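Protein chains in written order, with the working numbering: chain A, 1152 to 1482; chain B, 5 to 295.
Built from N, CA and C at the ideal position, the CB exists for glycine as well.
The structure presented is a predicted model; accordingly, all values stated were derived computationally and were not measured.
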Amino acid sequence: MTSILADKRSRPGADAPPPDTVRARGRARRRALNWLTAVGFQLPALVLFIGLVLLPMLFALYAAFFRWGGFGMPEDYVGLDNFTDLFDNPVFMGDLWRCLVLTLLTLALQLPFALAMAVLLNQRLRGRAVYRMLFFAPYVLSEAITGVLFSMVFAPDDGLADHLLGSIGLDSLGGEWFADPSWVMATLFIVMTWKYFGFHMMLYLAGLQSVPRELTEAALIDGANAWQRFRSVTLPLLMPTIRISIFLAVIGSIQLFDLVWVITQGGPDHHSETMAVTMFQYGFKRYQVGYASAISVVMFGICLVFALAYQRFVLRRDLEGATTTMRGAGK
Amino acid sequence: MSLKSEAVSRKRETVSGKSRTGRTLPLHVILIAVGALMVVPLVYAVLSGFKSTDELSRNPFGLPDHWLTGNYTGILRSGDFWRLLGNSTLIAVATTVLVVAASALAAFSFARFAFRGREVLFTLFTMGLMFPFAVAALPLFLLLRYLGLLDNPLGVILPQAAFGLPMTIIILRAFFREIPGELEEAATLDGCSPFGFFWRVLLPMARPALGTVSVLAVVTSWNNFMLPLLVFTDNTWWTLPIGVQQFQGQYSSDYARVFAYLVLAMVPALAFYSVAERQLVGGLTAGATKG
C-alpha cells in the first residue's frame, strides 16, 4: 500500500536531505501525521458505528443480566436468570425450532429453486432480461408491503388463494392459511420464497457469469450431458457464491421480523413467532427489557457462532481470496 | 429434466445447427409458469384497487365490471399519502448522503493508507455485517429516547446510516483499491493533499461505485420497517411501510381501498427499481460475493 504522505519525499525540488537525526524525527512525525490523517478519514464512520451499533449491542449484553423495565439504569441484577427462564419458555424454544425449520426449508427448497432459475436464465433465451427483472422485483418491495399484500392474498374465503383453489375444484385445500397453526409457517415460507428467491437467483447469475464458457464447452465436446456438465463443471465453480448465499439465508432466517410482524404478529397462539418477534413483544409491549435483551443476546450468540463456524470451516478459502487480492467488486 | 432435454437439444444444435425455438420451448413453459406466480399477486392487487369491496368478494379475479378509480384518486387526493411519500424520500436521501459520505472517507483510508490498526478496524466494520439489527433495536431505542430523537427523523436516519456502513465500506474499498497508484503519485506530485486527491480524483472516478452503493442505501432505507415503527409513535413522520400497515389496520374491512393503497405504495419502489436495476443488482452481488 503506498501512502500519500510517504510519497511526498519524492517531490521534485525538495530541499537537500537534512542531517540524520532531523530526518529520523521528521520520519516519525510524518508517520504520526500519516496515522492521524488515515484515522481522521475514519472518524465520521467510526463515531456512527461505535455509537449506534456497537454500544447498543454491548448495552444489550449488559442489560440481559438485570430485571429491568427500561427506565433509569438497570439495578436489579439477576445473573443468568433471564437466560435460564428463556430456555424454560416454551415460546422461545418454539422460536428456535421454527428458526431451524425455516432455515432447513430455505436451504432445501428456496435456494435450489433459485439456482435452477439462475441456470435457466443463464441460457440465451428470448425475454430472459424480462424474467430476471420480474423474479427480482419482489426483493425491492418492502417487507411491510409484501406482508400486507399476502395477508390479503391468503385471506380466508375472500382471498385470491382460496378463490383460485375453488375455481379448480380444490375448495377443500383452501382455508385459514395464516390463522391455522399447522399451516401458518408453510404459508409464510411461500411468501418468503416469493420475495427472496429472486435475490439468491441474482447472486447465482452473477456467479455463473464467472464460469468460463470454454470449460462447459470442453465438457460438451468430451460428451458430458447437461447434468454432468452442471454437476462437474458449473456447480463446483459456483460453490463460493452458493456458500455466501447460504450464509445470507441463514442469517436472514435468524433475524426474521418484518414479514411476520406485519402478517401475523406471531400468531395464532405464537405458532409463527420468531426470536425477533418475541424480543419485540417482551421489550416494547411488556416492558421486560432485561428479559428481551437476553433474547437479543441469544440471537446475537447464534449469529456469531454460526458466522464464525461458517467462516472457519466453510468460507475460509473464499474469504482469503476476497480479503487478500485486490480484485474489484462486481467485475 | 429440463436440463437434460436442454442438453440433448443443444448438442443437436451444435451438430446440425437446428433452430433454437424448439429446444427452448419447455424452458419457456417453466419460466412463464414461475413468472405468472410472481405477477399474479401484483396484478390481483392492481385490479382489486379498481373494484368496490362488494364486487371484490363477488368477482375476485376477473376484470372489474366498472373501473372505479375512486379508491386510487381518493388516496392520492388526501394529503396523508403524499406526506408519507415525502417522509420516506427525505429519510432515504438523508440516510444515503450520510452513509455514502462517511463510508467513502473510511473506505478511502482503508484502501489507500497503511496505518496501524487498519486490519482491526476493518474487521470491526465487516463484523457489522453479521449483527442483526434486531439485537441492537432495544438499546438503540433507549439511546434514542435518551437523546430525545424519538419522533424525529434523525432517530431513523442516523441508525440507518450506521448499520449501512459495513456493506458500503466493503464495496467502496474494493473499488478504490482498483484505481491505479500512479494516479495518486501524479496527483501528489502536482501538490494534491490526501483529501484533495480523494475529492478531486478518486470520487469523480468512483462515480459508478458511488451510484451503486447509493441505490442500495436508498432501497434499504425505503423498505425499513422496524426502526421507523419504533421511533415514530405519532403519524407526523411515518414512512410508507408504516403507513401501509396502519392503513390496513384502519380499513381492514375495506379491501379494495387497502389494495389501492398497497399498489400506490409499491409504485415508487418499482419505478426506482426499473431505473436503477443495474446498480442495485451490481451492488448486491458485489457486496455479497466479496464479503
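When DSSP labels each residue in this structure, what does residue i get in the three-state scheme?
i          : result
Phe137(B)  : helix
Asp1331(A) : coil
Tyr255(B)  : coil
Asp1236(A) : helix
Tyr1290(A) : helix
Tyr1438(A) : coil
Asp1373(A) : coil
Asp1227(A) : strand
Val1362(A) : coil
His1422(A) : coil
Trp1248(A) : helix
His32(B)   : helix
His1351(A) : helix
Arg1463(A) : helix
Ile183(B)  : coil
Gln283(B)  : helix
Leu1262(A) : helix
Pro232(B)  : helix
Leu144(B)  : helix
Thr57(B)   : helix
Thr1153(A) : With a pLDDT of 42 at Thr1153(A), under the threshold of 50, the predicted position of this residue should be treated as unreliable, and no value is reported.
Ala290(B)  : helix
Gly132(B)  : helix
Pro272(B)  : helix
Ala1269(A) : helix
Gly1298(A) : helix
At the level of alpha carbons, what is the spacing between residue i and residue j?
i          : j          : result
Ala275(B)  : Ala1175(A) : 60 Å
Leu1247(A) : Trp1328(A) : 22 Å
Val271(B)  : Ile1341(A) : 23 Å
Met1268(A) : Leu1356(A) : 9 Å
Thr93(B)   : Phe1200(A) : 23 Å
Cys1250(A) : Ala1280(A) : 34 Å
Leu288(B)  : Leu1354(A) : 8 Å
Val1229(A) : Phe1217(A) : 5 Å
Asn91(B)   : Leu244(B)  : 8 Å
Asp1373(A) : Gly1358(A) : 24 Å
Tyr1282(A) : Ala178(B)  : 30 Å
Tyr27(B)   : Ala1312(A) : The sequence given here places Arg at residue 27(B); Tyr does not occur at that position. Their backbone Cα atoms lie some 33 Å apart in a straight line.
Val47(B)   : Ala1259(A) : 29 Å
Val1465(A) : Arg1394(A) : 7 Å
Leu234(B)  : Ala290(B)  : 31 Å
Phe1286(A) : Phe145(B)  : 35 Å
Pro136(B)  : Met1284(A) : 28 Å
Trp227(B)  : Leu1237(A) : The sequence given here has Asn at residue 227(B), not Trp. Their backbone Cα atoms lie some 31 Å apart in a straight line.
Got a sec? Which residues, its chain only, sit under 6 Å from residue i by beta carbon, not counting five neighbours each side?
i          : result
Phe1348(A) : Gln1261, Phe1264 and Ala1265
Tyr277(B)  : none
Ala1214(A) : Pro1225, Gly1441 and Ser1444
Asn1233(A) : Ala1215, Gly1441, Tyr1442 and Ala1445
Phe229(B)  : Pro245
If you follow the alpha helix (DSSP H) that residue i is in, where does it begin and where does it stop?
i          : result
Trp226(B)  : Arg211 to Asn227
Phe1216(A) : Where Phe1216(A) is concerned, there is no enclosing alpha helix (DSSP H), given that its DSSP letter is neither H nor E.
Pro1391(A) : Leu1386 to Ile1405
His1314(A) : Leu1311 to Ser1318
Trp86(B)   : Gly83 to Arg116
Val1190(A) : Asp1171 to Phe1200
Val1411(A) : Asp1409 to Ile1414
Gly200(B)  : Pro198 to Phe201
Among the residues of its own chain, which have a CB less than 7 Å from the CB of residue i, if the five just before and after it don't count?
i          : result
Asp1420(A) : Pro1332
Leu169(B)  : Val103, Ala106, Ser107, Phe129 and Gly132
Leu7(B)    : Annotation note: pLDDT 49 at Leu7(B) (below 50); position unreliable, coordinate value reported separately. Hits under 7 Å: none found.
Ile95(B)   : Pro157, Val160, Ile161, Ser225 and Thr243
Thr1257(A) : Ala1400 and Ser1404
Ala213(B)  : Ile175, Leu176 and Phe179
Phe251(B)  : Val262 and Tyr265
Ala260(B)  : Ser52, Gly53, Lys55, Ser56, Thr57, Leu60 and Asn75
Thr1415(A) : Phe1329, Val1335 and Ser1423
Pro1289(A) : Thr1297, Trp1345, Lys1346 and Gly1349
Val1299(A) : Val1413
Considering only residues of the same chain and omitting the five flanking positions on each side of residue i, which have a CB-CB separation below 8 Å?
i         : result
Thr100(B) : Ser218, Ala221, Val222 and Ser225
Ala273(B) : Val223, Trp226 and Asn227
Confirm the yes/no value for this check: CB of residue i, any heavy atom of the ligand SAM, distance under 7 Å.
i         : result
Pro184(B) : The ligand SAM is not part of this structure, which contains no ligands at all.
Name the residues in the segment 1242-1269 of chain A whose C-beta lies less than 9 Å from a C-beta of chain B; which are they?
-> Phe1264, Ala1267 and Met1268
Given a limit of 9 Å on CB to CB distance, which residues of the segment 1188-1199 of chain A reach chain B?
-> Thr1188, Ala1189, Val1190, Gly1191, Phe1192, Gln1193, Leu1194, Pro1195, Ala1196, Leu1197, Val1198 and Leu1199
What residues from the segment 1211-1229 of chain A come within 8 Å of chain B, judged by C-beta to C-beta, listed N to C?
-> Ala1211, Ala1214 and Gly1221
Mind checking the segment 1279-1291 of chain A against chain B and listing, in chain order, the residues whose C-beta falls within less than 9 Å of any C-beta there?
-> Arg1279, Val1281, Tyr1282, Arg1283, Met1284, Leu1285, Phe1286, Phe1287, Ala1288, Pro1289, Tyr1290 and Val1291
If you measure beta-carbon to beta-carbon, which residues of the segment 214-230 of chain B are closer than 9 Å to chain A?
-> Thr216, Val223, Trp226, Asn227, Asn228, Phe229 and Met230
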